[in-house]
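In the working numbering, the protein residues as written are 99 to 227.
I have placed the structure first, in the form of structure tokens, so that the comments after it can refer back to it.
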């Protein structure tokens with residue numbers, strides 16, 4: 099599908115999974131192994147919780163983490179996004195791509211409505227070696 103935005107997207111958003119994974123995720127047929135809720139946290143607390151939560155998920159051998167970020171809020175004022183609702187949603191991809199667990203992330207996909215829809219994403223972790 100052609101890109102609808104000229105904005106460069108972080109690499110983990112574009113990582114490919116085999117077709118079976120993508121089909122099962124889009125249908126909500128994958129049960130998350132670990133849930134990480136950042137909704138309602140401050141930016142600093144959310145960033146710390148994300149890093150710690152991914153550490154725990156990896157230790158437990160999780161493959162699919164349900165990351166609850168809250169719904170995105172439209173804004174044309176990017177300077178004030180850290181003080182607004184939707185700030186976590188606006189920042190989590192940056193945290194994932196620059197974080198200590200970036201190499202262990204296979205892909206990030208939108209969550210099925212039964213798992214939070216627009217307020218959540220699946221973080222698919224690479225299999226442990």
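Heads up, the beta-carbon is just placed ideally off N, CA and C, and yes, glycines get one too.
Below 8 Å CB to CB, which residues in the same chain sit around residue 226 once its five sequence neighbours on both sides are set aside?
Position 128 of the chain shown holds residue 226. Counting only Cβ-Cβ distances below 8 Å, and skipping sequence neighbours, we find 156 and 159.
7 Å CB neighbourhood of residue 209 in its chain, flanking five on each side removed
Taking the first residue of the chain shown as 1, we reach residue 209 at position 111. For residue 209, where only same-chain residues beyond five positions count, the Cβ hits under 7 Å are 164, 215, 218, 219 and 220.
Closest by C-alpha distance to residue 199, when choosing among 149, 144 and 132:
On the chain shown, residue 199 is found 101 positions in, with the first residue counted as 1. Looking at the Cα atoms, 149 is the closest of the given residues.
Own chain, CB closer than 8 Å to residue 104, minus 5 neighbours either side, in chain order
The count along the chain shown starts at 1 and reaches residue 104 at position 6. In this predicted model, residue 104 has a pLDDT of only 38, less than 50, meaning its place in the structure is not dependable enough to derive any value.
Please go through the same chain and pick out, in chain order, the residues whose beta-carbon is closer than 6 Å to the beta-carbon of residue 151, but skip the five residues on each side of it.
Taking the chain shown and counting its residues from 1, one reaches residue 151 at position 53. Excluding positions up to five away in sequence, the list reads 134.
Determine which residues share a DSSP beta bridge with residue 133 and list them.
Against the chain shown, residue 133 aligns to sequence position 35. Partner(s): 164.
Enclosing alpha helix (DSSP H) for residue 115 [first to last residue]:
If you number the chain shown from 1, residue 115 lands on position 17. Per DSSP, residue 115 belongs to no alpha helix (DSSP H) and is neither H nor E.
Can you look up residue 200 in the DSSP assignment and give me helix, strand or coil?
Working through the chain shown from its first residue, we reach residue 200 at position 102. Here residue 200 sits in helix by DSSP.
In terms of residues, what are the limits of the beta strand (DSSP E) holding residue 218?
Locating residue 218 in the chain shown gives position 120, counting from the first residue. 218-223 is the span of the beta strand (DSSP E), which, as asked, contains residue 218.
Looking at the unbroken alpha helix (DSSP H) that takes in residue 145, where does it start and where does it end?
On the chain shown, position 47 is the one that residue 145 refers to. Note, residue 145: alpha helix (DSSP H), 141-157.
In the structure shown, what three-state DSSP assignment does residue 106 receive?
In the chain shown, counting from the first residue as 1, residue 106 sits at position 8. Only weak support is given to the placement of residue 106: the predicted model assigns it a pLDDT of 43, under 50, and the question is left unresolved by the model.
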